[in-house]
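Only one structure is covered here, and it is reproduced in the block below.
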Amino acid sequence: MVWRIEEAQQKLSELITATATEPQLIYDHNQLVAVVVEAQTFQEFLAWRQQCQKPSIAEAFAQLHQLCVEENYTLET
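Last residue of the sequence shown? That's 86 in my numbering, and every number before it is there in order.
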């Protein structure tokens, strides 16, 4: 369902209940400003985002360093 921001404020409990069937879109002056989803959907999104994130180069080198320490391996330069 689509909500105007004023309507969403006035009918918050109805908006939250409606998240059980689909995400609720909130608009302010014809611009999408928020989407309300049920908690389980949000938890699934966070898990998906975590799986998709790639480590930074610094994190990758830190992992490499930790593996070398655990295996008593010395990198020669």
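All residues carry an ideal CB built from backbone N, CA and C; glycine is no exception.
Sequence-distant residues of its chain with Cβ nearer than 7 angstroms to residue i (five each side left out)
i: V46; result: T28 and P32
i: A43; result: I35
i: L24; result: W12, A17, Q33 and V45
Best match in the options for proximity to residue i [C-alpha to C-alpha]
i: Q40; options: V11, C77, L24 and I66; result: V11
i: T26; options: H38, A43, Y36 and A48; result: A48
i: R13; options: W57, D37 and Q60; result: D37
Cβ neighbours of residue i in the same chain (closer than 8 angstroms, five flanking residues each side left out)
i: F54; result: V46
i: E76; result: Note that residue 76 is Leu in the sequence shown, not Glu. Here the set comprises Y82.
Outcome for residue i when other beta-carbon atoms lying within 10 angstroms are tallied against a minimum of 16
i: A17; result: buried
Contacting residues, own chain, Cβ-Cβ under 6 angstroms from residue i (five flanking each side not counted)
i: F70; result: none
Could you tell me which whole alpha helix (DSSP H) segments of length 4 or greater appear in the segment 13–82? 14–19, 21–27, 48–61 and 66–79
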